[in-house]
Every structure is written in structure tokens, then in C-alpha cells.
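Protein chains: 2
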Amino acid sequence: MAKDLPTLEDVARMSGVSTATVSRALNAPKRVRPETLARITDAVAQLGYTPHFGGRALASNRTFTVGAVIPTMENAIFARGLQALQEQLSAQGVTLLVSTSNYDPDEEAAQVRALLGRGVDGMVLIGEARDAQVYTLLERRGVPFVLVWTWRPDCPWPCVGFDNAEAARAMAQQVLDLGHRRIAMIAGITRGNDRAAARVDGVRGALDAHGLSLPADRLVESDYSLEAGAEAARRLLAQTPRPTVILCGNDVLAAGAYAAIRDAGLSVPADISVTGFDDIDLAHVLSPGLTTVHVPHRRMGEAAARMLLAMGADGAAPDGVALQTGIVRRGSLAAPPPG
Amino acid sequence: MAKDLPTLEDVARMSGVSTATVSRALNAPKRVRPETLARITDAVAQLGYTPHFGGRALASNRTFTVGAVIPTMENAIFARGLQALQEQLSAQGVTLLVSTSNYDPDEEAAQVRALLGRGVDGMVLIGEARDAQVYTLLERRGVPFVLVWTWRPDCPWPCVGFDNAEAARAMAQQVLDLGHRRIAMIAGITRGNDRAAARVDGVRGALDAHGLSLPADRLVESDYSLEAGAEAARRLLAQTPRPTVILCGNDVLAAGAYAAIRDAGLSVPADISVTGFDDIDLAHVLSPGLTTVHVPHRRMGEAAARMLLAMGADGAAPDGVALQTGIVRRGSLAAPPPG
DNA sequence: CGCAGCCATGCAAGCGCTTACATTCACCAC
DNA sequence: GTGGTGAATGTAAGCGCTTGCATGGCTGCG
Numbered sequence: 001m002a003k004d005l006p007t008l009e010d011v012a013r014m015s016g017v018s019t020a021t022v023s024r025a026l027n028a029p030k031r032v033r034p035e036t037l038a039r040i041t042d043a044v045a046q047l048g049y050t051p052h053f054g055g056r057a058l059a060s061n062r063t064f065t066v067g068a069v070i071p072t073m074e075n076a077i078f079a080r081g082l083q084a085l086q087e088q089l090s091a092q093g094v095t096l097l098v099s100t101s102n103y104d105p106d107e108e109a110a111q112v113r114a115l116l117g118r119g120v121d122g123m124v125l126i127g128e129a130r131d132a133q134v135y136t137l138l139e140r141r142g143v144p145f146v147l148v149w150t151w152r153p154d155c156p157w158p159c160v161g162f163d164n165a166e167a168a169r170a171m172a173q174q175v176l177d178l179g180h181r182r183i184a185m186i187a188g189i190t191r192g193n194d195r196a197a198a199r200v201d202g203v204r205g206a207l208d209a210h211g212l213s214l215p216a217d218r219l220v221e222s223d224y225s226l227e228a229g230a231e232a233a234r235r236l237l238a239q240t241p242r243p244t245v246i247l248c249g250n251d252v253l254a255a256g257a258y259a260a261i262r263d264a265g266l267s268v269p270a271d272i273s274v275t276g277f278d279d280i281d282l283a284h285v286l287s288p289g290l291t292t293v294h295v296p297h298r299r300m301g302e303a304a305a306r307m308l309l310a311m312g313a314d315g316a317a318p319d320g321v322a323l324q325t326g327i328v329r330r331g332s333l334a335a336p337p338p339g
Numbered sequence: 001m002a003k004d005l006p007t008l009e010d011v012a013r014m015s016g017v018s019t020a021t022v023s024r025a026l027n028a029p030k031r032v033r034p035e036t037l038a039r040i041t042d043a044v045a046q047l048g049y050t051p052h053f054g055g056r057a058l059a060s061n062r063t064f065t066v067g068a069v070i071p072t073m074e075n076a077i078f079a080r081g082l083q084a085l086q087e088q089l090s091a092q093g094v095t096l097l098v099s100t101s102n103y104d105p106d107e108e109a110a111q112v113r114a115l116l117g118r119g120v121d122g123m124v125l126i127g128e129a130r131d132a133q134v135y136t137l138l139e140r141r142g143v144p145f146v147l148v149w150t151w152r153p154d155c156p157w158p159c160v161g162f163d164n165a166e167a168a169r170a171m172a173q174q175v176l177d178l179g180h181r182r183i184a185m186i187a188g189i190t191r192g193n194d195r196a197a198a199r200v201d202g203v204r205g206a207l208d209a210h211g212l213s214l215p216a217d218r219l220v221e222s223d224y225s226l227e228a229g230a231e232a233a234r235r236l237l238a239q240t241p242r243p244t245v246i247l248c249g250n251d252v253l254a255a256g257a258y259a260a261i262r263d264a265g266l267s268v269p270a271d272i273s274v275t276g277f278d279d280i281d282l283a284h285v286l287s288p289g290l291t292t293v294h295v296p297h298r299r300m301g302e303a304a305a306r307m308l309l310a311m312g313a314d315g316a317a318p319d320g321v322a323l324q325t326g327i328v329r330r331g332s333l334a335a336p337p338p339g
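Protein chains in written order, with this note's numbering: chain A, 1 to 339; chain B, 1 to 339.
So, in C-alpha cells, the structure goes:
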């Protein structure tokens with residue numbers, strides 16, 4: 001397929017040194033004399049040489065690649081963090097390989113295997129809940145990994161994220177403070193998704209503390225898609241009495257809820273309040289703006305990159321990093337309507 | 001970094017055959033006797049063997065990888081097509097490597113080089129406008145590539161997409177038919193972006209045909225972001241007389257325009273109509289729903305995958321594929337307000 | 001029964017690169 | 001002057017896999 005490319009040896013011949021020296025010139029420039037380096041650099045440029053990836057991987061047993069498996073690219077939730085991750089990594093000459101699991105644990109495991117097969121030097125995974133086999137596999141191969149989008153005090157693996165439960169609790173608290181009592185929630189599918197589950201727990205916690213509860217019919221689990229969110233909201237809106245607020249497990253669900261509410265001829269927040277989670281761009285495009293939990297996407301990505309690179313360098317298992325979230329108040333949350 | 005993994009040789013030893021046979025068992029199962037195959041398969045399973053990627057790449061000079069460089073992952077524009085591309089490819093055992101250029105031609109060239117350095121067997125690029133050097137490079141390396149999101153009758157490279165100009169023309173025509181005459185446009189940055197430019201051309205074409213024109217102050221170029229779109233819209237709204245419709249170069253810009261219009265205390269479509277382009281999910285979450293050009297994202301991705309695989313197999317340069325677009329009418333487009 | 005032809009398999013030569021070790025040389029301290 | 005030191009470079013052995021060619025056994029046909 002690919003045509004014959006110049007090799008290290010071609011460069012070596014052209015610059016009158018051995019391949020070893022060329023290799024060193026490329027990987028550790030200070031270990032060759034400046035003049036030699038210059039000659040080699042010239043030759044490289046003239047030949048348009050690029051190191052052969054496979055050869056390098058084979059000889060050095062490193063690929064300068066890290067993999068990330070995210071649930072989906074269909075919405076922008078992971079985009080910003082990934083972008084930051086990629087920027088940090090490529091500043092160190094490391095390439096990021098992204099694949100998606102579609103929120104399916106088995107699919108995720110398959111993708112992890114695929115990435116390991118490609119010899120990634122490290123891996124970023126979303127959340128903590130997954131088959132123990134995956135962790136075993138990762139550890140057996142000695143591939144460093146970090147979990148993002150989640151954090152809890154005693155997580156056994158290196159993770160950088162935030163406390164989903166606590167953030168959800170805070171949001172629910174705010175809703176309670178405004179006087180809401182008929183509170184409903186559209187959560188993500190909690191099976192195999194610790195973030196989604198933690199967010200439900202957080203809301204539950206806040207309600208409990210007020211002597212309230214989240215009955216089964218006020219909690220709908222839904223795929224993280226606009227359509228599914230709308231459908232879930234429709235179910236909630238059909239109840240009598242209607243909830244006065246819908247807490248959504250993420251902003252995409254909230255956007256779906258907006259659509260359903262609008263279709264039902266109701267308005268946000270006059271008839272019903274809505275809150276989201278994640279604070280993606282969508283949140284302030286919606287009308288009214290969505291009150292949501294702000295997540296430090298970029299910082300999470302950056303921290304993950306740093307941690308991974310450090311683990312690769314010294315093999316140490318670093319401490320987790322807990323980032324702060326905050327609530328962004330926008331127009332979608334108001335006091336409940338009278339009555 | 002990675003621990004010692006079982007190698008082909010381990011498998012060979014365990015199943016009492018040569019490495020050559022194991023290799024064949026893995027790559028061309030029908031070329032080994034069924035019983036031998038069975039023994040090898042067992043050994044593979046028992047050892048948890050996975051082929052070493054670098055070794056394979058080195059020996060076979062193929063990586064079973066194709067690369068795609070897209071402008072951004074920050075919005076969902078390319079997500080669906082990419083998803084389809086990936087699905088098709090991985091059904092053939094090919095991995096997709098995605099990287100982003102942030103709409104910067106130089107950055108794109110750099111990413112192309114990086115992917116070539118990794119020895120991709122093929123490449124998917126967005127649009128046609130880019131430095132000739134990039135094409136030269138690609139051709140010199142003999143790496144098959146296909147251009148997506150664009151199509152025109154005499155494009156010299158294999159492309160699968162649609163006629164951006166024609167689609168934009170149709171949209172403008174529709175707007176004209178409704179009686180709009182003060183027509184403004186928020187386009188993407190046209191430099192280095194043939195799709196953005198073609199969309200402007202299309203609109204121009206429709207206006208010309210009606211003896212109208214798109215004066216400089218009615219055309220704003222903007223980054224493809226919500227914020228930038230809003231800012232561009234603000235500029236247009238400040239004009240007197242105000243345009244009665246804003247044609248946007250994509251849905252994200254339109255969403256930004258919505259925000260600006262709302263902030264100005266105006267309403268869509270009563271005071272001003274808005275149209276988009278791409279038909280991403282966002283388009284029907286917006287309120288009112290966004291009238292936009294529907295693009296066959298998935299089919300584009302699938303066709304690109306097929307084409308690339310075919311090119312890899314027989315080396316032939318296939319014909320381009322032209323897909324149809326269509327206009328999706330939603331609430332954002334109405335007749336201009338009286339006066 | 002012998003030989004052409006085929007199938008299943010083994011042998012061994014790399015693919016392009018890194019790196020431990022060896023070599024060379026200049027320089028310095030004594 | 002001599003031995004020690006360290007910097008710059010070369011030598012060559014692989015890394016794990018694929019694949020052209022060689023081998024040997026078997027089938028089938030004349």
C-alpha cells in the first residue's frame with residue numbers, strides 16, 4: 001500500500017554516520033555533537049524522513065500513544081475534556097487514540113482490548129464502574145490508566161474528577177431551598193454507569209435530609225439522548241399532580257425535556273423548572289438558559305494527561321485529583337408555581 | 001512500560017507448530033488444517049495472546065488503521081458521520097484514528113503528517129481546500145484518501161459528499177420564495193474552507209438570479225462557535241433596516257444567532273427568520289425548531305469507509321459519490337414581518 | 001506404479017528501529 | 001608520560017511478525 005519511504009539507514013548513509021547515531025540524534029539530540037546533529041537534521045529534511053512507527057514500537061516497546069474510551073462522541077460532553085487531554089499529550093509527542101463504547105460495558109471492554117492490542121502506553125477511562133476483568137487485564141499488562149469524570153475519597157485507582165453525588169446533592173438542595181417539593185428526576189441509565197448512579201444518590205440524599213423521597217414514578221432512567229430525554233419528560237409531565245421541577249442527569253436530557261415541555265404547551269420555568277448537569281455549550285443556548293452543574297472539563301483533561309505521563313515516567317501510582325464543581329444559575333430554575 | 005506479553009513464538013511452542021503456521025492461522029485460517037487451527041486457537045486463548053501491533057506493522061507494512069482529520073469535536077457536526085465510518089471500518093478489522101485541526105490548514109497538514117508517520121493505510125479528510133503539498137505528500141506516499149463533506153462534478157480526487165453550493169442555493173431560494181428581500185448571512189470562515197465558501201456562493205447565486213445581491217455588510221464570517229455566531233448576529237441586528245432573515249452557514253451559528261436575537265428582545269420567526277445548515281440534533285432542540293439543510297451524515301461516513309477499503313484492496317481510484325441533501329422546514333423560517 | 005500437482009507446514013530472511021556494549025579519542029590530574 | 005575519565009560514535013543483536021521458498025506427504029491420473 002504505502003510506497004517505499006526513506007529509512008533510518010538512508011539518513012545514516014547520507015550524513016555519513018551510523019544508524020545508531022541517527023537514532024540518537026532523533027531521540028536524544030544532546031547526546032550527539034552539534035555539527036553531526038546538523039548534518040543529520042539536514043539529511044532528514046532532504047529525504048523527508050519520518051520514523052517508521054512499527055519499527056520504533058517494536059524496538060523500544062513503546063508506542064507513544066495513549067488510548068481513551070469514551071461513551072460517545074454524539075454530544076459534546078466529552079469533547080472539551082478530550083481536546084485538553086489531546087493538547088497536553090501531543091505537546092509531549094504522544095498521540096491520543098479515541099474510541100467509543102456507546103455506554104455499553106461489553107463494548108467498552110472490547111475497545112480496551114483493542115487499544116491494548118495496539119500497544120498503547122496508557123489509557124484514559126470514563127468512570128469507575130466496569131467489569132473487574134478489565135482492571136485485571138490492565139494491571140496484568142502493566143499499562144497505566146486513569147479514570148476521569150469521577151472521584152471519591154477511597155477510589156482504589158488513580159482518578160481525576162469530581163464527586164458526582166455531592167454535586168447532584170447540592171443542586172437538589174438548591175431546588176429544595178427554592179421551595180420545590182414535587183421533584184422528579186430524569187437520570188441516565190445507572191446500570192454500568194457510576195456517574196449516573198451517583199447523581200441519583202446525591203439527589204436522593206438531599207431529599208432524604210428533608211424528609212422527602214424520590215418515589216419510583218418520579219425517577220425515569222433514560223439514554224443520554226435528546227429523543228429519550230424528551231420521551232422521559234413526557235412521562236413525567238403526564239402525572240397528576242405534575243412535578244414542579246425536573247432534575248436531569250445531564251444537559252442533553254434537559255434539552256430533551258425542554259422540547260417535551262414546549263410540546264406540552266408549558267413553559268420553563270413558569271410552569272416547571274428544569275436543571276441539567278455538565279454545563280456544555282448547549283446549556284446556554286437553550287432558552288431559557290439552563291441551570292446546571294458546571295464541570296471543569298478542560299482541567300480534568302489536563303490533569304489526566306499529566307497524571308498519565310507521570311505514571312509512564314516513574315511508574316508510581318499517584319493520588320487522585322478532586323476538582324470542584326459549581327452550580328450555574330440560569331433562567332430555567334425558579335420557585336415553583338403557586339398552588 | 002508494558003509487561004512481557006506472550007508472543008507468536010510462545011503460541012507456536014505451546015501448540016507444537018512453527019511461528020509461520022501460527023501466523024497463517026491468525027491471518028488466513030483456511031490455509032491451515034482444521035485440527036492444527038484448533039490447537040493454535042486453544043493456545044492463543046490460554047495464553048491470552050494478542051498480536052504485537054508494531055511487529056505486524058513492521059513485517060507486513062500495513063497497520064490496519066485509517067486516519068481522519070476533522071476540524072473539531074467540540075460540536076456534533078462530524079460525530080455521526082465519524083461514528084458510521086468507524087462502524088464500517090471496524091467491521092473489517094480496521095481501526096480509525098481521529099485527530100482535529102481546529103479549522104486551521106497548517107494544523108491540518110501537521111495532523112496529516114502525524115498520521116502518515118503512524119503508517120495509516122488510508123485517510124479521510126474533510127473538504128477539498130488545502131495546501132497542494134498535502135496532496136503531493138499523500139500521493140507520494142501512495143496512501144489512499146477520500147474527501148468527504150464535499151462533492152462537485154469535476155473534483156480531481158475521490159470524494160463523497162454533496163454539493164454545498166447547490167444546497168445553500170436551494171435554501172436561499174426558499175427564503176426568497178417566502179418574500180424575504182433583506183437577507184443576511186452568517187458564514188463560516190471561508191479562507192481554507194471550501195464548504196463555507198461554497199455555501200456563500202450558493203446563496204449569492206440565488207440572490208443574483210433574483211437581481212439581488214449580498215452586500216458586504218450583510219455577510220459576516222464567523223468561527224463555527226455559539227459565541228461567535230451570537231456576536232455576528234448582534235452585528236447584523238444592529239443594522240437599520242434590520243434583515244428579515246439570517247441564513248447561517250451551519251446550525252451552531254444559527255444557535256448562536258438565536259441567543260443574540262433573544263437577548264435583543266426579538267423573536268424567531270415573528271421578527272426575524274433564521275436558517276441553518278447540517279441538521280444536527282441541536283436543530284430540533286432549538287425553540288422554535290431550526291429550518292436547515294439536512295445532510296446525510298451516516299451515509300457519507302459509510303460511503304467513505306467503503307471507498308477507502310476498496311481503494312486499499314485494488315488500488316483503483318473510484319468515482320466520487322454525490323449524496324442528496326434536503327431542506328427540513330421547522331418553525332424558524334416564516335414570511336418576513338410586514339413593513 | 002510413478003509422477004505431477006497440491007496442500008500443510010517449516011525454515012529463515014528480513015521489516016526499521018533501539019540500545020547495550022565496544023571502540024576511539026581528547027583531555028586532565030598526577 | 002601515564003592511566004583514568006567521559007564524550008561521541010560505531011557494532012550488532014534483537015524486538016515480533018510476515019512471507020517467499022523449500023520440504024514432504026498425499027491424491028489422482030495415465
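Yeah, the Cβ is synthetic: ideal placement off N, Cα and C, and Gly gets one too. Predicted model, so just to flag it, every value in this text is computed and none were measured.
Practice task
Please confirm if E74/B has its CB atom under 7 angstroms from at least one CB of chain A.
Solution key: By one-based count along the second sequence, residue 74/B stands at place 74. It does; some Cβ of chain A falls within 7 angstroms.
Practice task
Apply the 10 Å Cβ neighbour rule to E128/B and answer buried if 16 or more other Cβ atoms are within range, or exposed otherwise.
Solution key: In the second sequence, counting from the first residue as 1, residue 128/B sits at position 128. Buried is the call here.
Problem - Cutoff 8 angstroms; reference A84/B; Cβ partners in own chain excluding five residues on either side - result: Taking the second sequence and counting its residues from 1, the one referred to as residue 84/B is at position 84. So the list reads H297, R298, R299, M300, G301, E302 and A305, once near-sequence residues are dropped.
Exercise for the section: Give the straight-line distance between the Cα atoms of M307/B and V66/B, rounded to the nearest whole angstrom. Expected result: What you label residue 307/B is simply residue 307 of the second sequence in a count that begins at 1. What you label residue 66/B is simply residue 66 of the second sequence in a count that begins at 1. For M307/B and V66/B, the distance between alpha carbons rounds to 12 angstroms.
Problem - Short CB-CB distance (under 7 angstroms) between D278/B and chain A - result: As a first step, residue 278/B must be located in the second sequence, where it is residue number 278. Under the 7 angstroms criterion on CB atoms, D278/B is classed as non-interfacial with respect to chain A.
Handout entry: chain B contacts made by the stretch 67-95 of chain A, where a contact means CB separation under 9 angstroms
Key = T72, M73, E74, N75, A76, F78, A79, R80, L82, Q83, Q86, S90 and T95
Exercise for the section: Check the Cβ of T291/A against every Cβ in chain B and list those closer than 7 angstroms, keeping chain order. Expected result: Taking the first sequence and counting its residues from 1, one reaches residue 291/A at position 291. Correct list: empty, because the minimum Cβ distance to chain B is about 16 angstroms.
Problem - Under 9 angstroms from the C-beta of A57/B: neighbouring residues of chain A - result: Walking along the second sequence from the start, residue 57/B turns up at place 57. Per Cβ cutoff of 9 angstroms: H52, F53, G54, G55, A57 and L58.
Practice task
Provide the residue span of the alpha helix (DSSP H) that contains G312/B, from first to last.
Solution key: Residue mapping note: residue 312/B aligns to position 312 of the second sequence, counting from 1. Element bounds for G312/B: H297 to D314.
Handout entry: chain A within 7 angstroms of E302/B, Cβ atoms only
Key = The count along the second sequence starts at 1 and reaches residue 302/B at position 302. Taking 7 angstroms as the CB threshold, E302/B stays off the interface with chain A.
Exercise for the section: Taking C-beta pairs closer than 8 angstroms, name the residues in chain A that V285/B reaches, listed in chain order. Expected result: The count along the second sequence starts at 1 and reaches residue 285/B at position 285. Per Cβ cutoff of 8 angstroms: L226, A255, G256, Y258, A259, L282 and L286.
Handout entry: G119/B classed as buried or exposed, judged by whether at least 16 other C-beta atoms fall within 10 angstroms
Key = Here residue 119/B refers to the residue found at position 119 when the second sequence is read from its first residue. By the neighbour-count rule (16 or more Cβ atoms within 10 Å), G119/B is buried.
Handout entry: M1/A to A57/B span [Cα, whole Å]
Key = Here residue 1/A corresponds to residue number 1 of the first sequence, with the count starting at 1. Here residue 57/B corresponds to residue number 57 of the second sequence, with the count starting at 1. Note that M1/A scores 44 on pLDDT, short of 50, meaning its location in the model is unreliable; the coordinates nonetheless yield the value given after this. When rounded, the distance between both Cα atoms is 12 angstroms.
Practice task
Measure from the C-beta of R262/B to each C-beta in chain A and report whether the shortest distance is under 7 angstroms.
Solution key: Walking along the second sequence from the start, residue 262/B turns up at place 262. Interface residue, yes.
Exercise for the section: Spell out whether any CB of chain A is found under 7 angstroms from the CB atom of G265/B. Expected result: Position 265 of the second sequence, counted from the first residue, corresponds to residue 265/B. Taking Cβ atoms only, chain A never reaches closer than 7 angstroms to G265/B, which makes this a no.
Handout entry: Spatial neighbours of S15/B in its chain, beta-carbon cut-off 6 angstroms, leaving aside the 5 residues before and after
Key = Stepping through the second sequence from its first residue, residue 15/B is reached at position 15. Residues of the same chain with a CB within less than 6 angstroms of the CB of S15/B, apart from the 5 flanking positions on each side, are R39, I40 and A43 in chain order.
Practice task
State yes or no: is the beta carbon of G16/B nearer than 7 angstroms to at least one beta carbon in chain A?
Solution key: For the purposes of this step, residue 16/B is taken as residue 16 along the second sequence, with counting starting at 1. Output row for G16/B: interface = no.
Practice task
Consider the Cβ of V148/B: report whether some Cβ of chain A lies at a distance smaller than 7 angstroms.
Solution key: Against the second sequence, residue 148/B aligns to sequence position 148. Chain A, which has no Cβ nearer than 7 angstroms to the Cβ of V148/B, makes this no.
Practice task
Report yes or no: is there a C-beta of chain B within less than 7 angstroms of the C-beta of V245/A?
Solution key: In the first sequence, counting from the first residue as 1, residue 245/A sits at position 245. V245/A does not count as touching chain B.
Practice task
Check whether the Cβ of A198/A sits closer than 6 angstroms to any heavy atom of the ligand COA, and report yes or no.
Solution key: Among the components modelled here there is no ligand, and therefore nothing to report on the ligand COA.
Problem - S332/B, enclosing beta strand (DSSP E) - first and last residue - result: Sequence index remark: in the second sequence, residue 332/B carries index 332 (1-based). Here S332/B belongs to no beta strand (DSSP E), and DSSP marks it neither H nor E.
Problem - Segments assigned alpha helix (DSSP H), at least 4 residues, entirely inside the stretch 19-82 of chain A - result: As far as the stretch 19-82 of chain A is concerned, its whole alpha helix (DSSP H) runs of at least 4 residues are 19-27, 34-47 and 53-60.
Practice task
Would you check if the stretch 20-31 of chain B and the stretch 321-334 of chain A touch, i.e. whether three or more CB-CB distances between them fall below 8 angstroms?
Solution key: no
Problem - Backbone CA spacing between L309/B and G205/B [nearest angstrom] - result: By 1-based counting over the second sequence, the position of residue 309/B is 309. By 1-based counting over the second sequence, the position of residue 205/B is 205. The straight-line gap separating the alpha-carbon atoms of L309/B and G205/B is approximately 37 angstroms.
Exercise for the section: Look at the Cβ atom of G249/B, then the Cβ atom of A196/B, and state whether they are nearer than 7 angstroms. Expected result: Reading the second sequence from its first residue, position 249 is the one you call residue 249/B. Reading the second sequence from its first residue, position 196 is the one you call residue 196/B. A contact, by the Cβ cut-off of 7 angstroms.
Handout entry: C-beta atoms of S99/B and V69/B nearer than 7 angstroms
Key = Sequence index remark: in the second sequence, residue 99/B carries index 99 (1-based). Sequence index remark: in the second sequence, residue 69/B carries index 69 (1-based). Against a cut-off of 7 angstroms, the Cβ pair of V69/B and S99/B comes out as a contact.
Exercise for the section: Measure the beta-carbon distance from S222/A to T244/A and round it to whole angstroms, keeping in mind my assumption that it falls under 8 angstroms. Expected result: Counted from its first residue, the first sequence places residue 222/A at position 222. Counted from its first residue, the first sequence places residue 244/A at position 244. With a Cβ gap of about 20 angstroms, S222/A and T244/A do not count as contacting.
Handout entry: Rounded straight-line distance, which links the Cα of L247/A to that of T95/B
Key = Start at 1 with the first residue of the second sequence, and residue 95/B comes out as number 95. Start at 1 with the first residue of the first sequence, and residue 247/A comes out as number 247. So the two alpha carbons sit approximately 38 angstroms from each other.
Handout entry: Any 3 or more C-beta pairs closer than 8 angstroms across the stretch 227-237 of chain B and the stretch 255-263 of chain B
Key = yes
Exercise for the section: With A114/A as the anchor, note down where its beta strand (DSSP E) starts and where it stops. Expected result: As a working note, residue 114/A is residue 114 in the first sequence. Not the beta strand (DSSP E): A114/A falls in the alpha helix (DSSP H), residues P105 to G117.
Exercise for the section: From the DSSP output, in three-state form, read off A238/A for me. Expected result: In the first sequence, the residue the question calls residue 238/A occupies position 238. Three-state DSSP puts A238/A in coil, outside helix and strand.
Handout entry: Straight-line gap, A334/B to L290/B (C-alpha atoms, nearest Å)
Key = Indexing the second sequence from 1 puts residue 334/B at position 334. Indexing the second sequence from 1 puts residue 290/B at position 290. Roughly 11 angstroms separates the two Cα atoms.
Exercise for the section: Could you tell me whether any Cβ in chain B is nearer than 7 angstroms to the Cβ of R299/A? Expected result: On the first sequence, position 299 is the one that residue 299/A refers to. It does not; no Cβ of chain B falls within 7 angstroms.
Practice task
Count the other CB atoms, across all protein chains shown, that sit within 10 Å of the CB of G256/B; report buried if there are 16 or more and exposed otherwise.
Solution key: For this step, residue 256/B is matched to residue 256 along the second sequence. Label assigned to G256/B: buried.
Problem - Pairwise C-alpha distance: T36/B and I126/A - result: As a position in the first sequence, residue 126/A is number 126, starting the count at 1. As a position in the second sequence, residue 36/B is number 36, starting the count at 1. Rounded to the nearest angstrom, the two C-alpha atoms are 41 angstroms apart.
Exercise for the section: Determine the DSSP secondary structure at T291/A, reduced to helix, strand or coil. Expected result: As a working mapping, residue 291/A is identified with position 291 in the first sequence. Collapsing the DSSP output to three states places T291/A in a strand.
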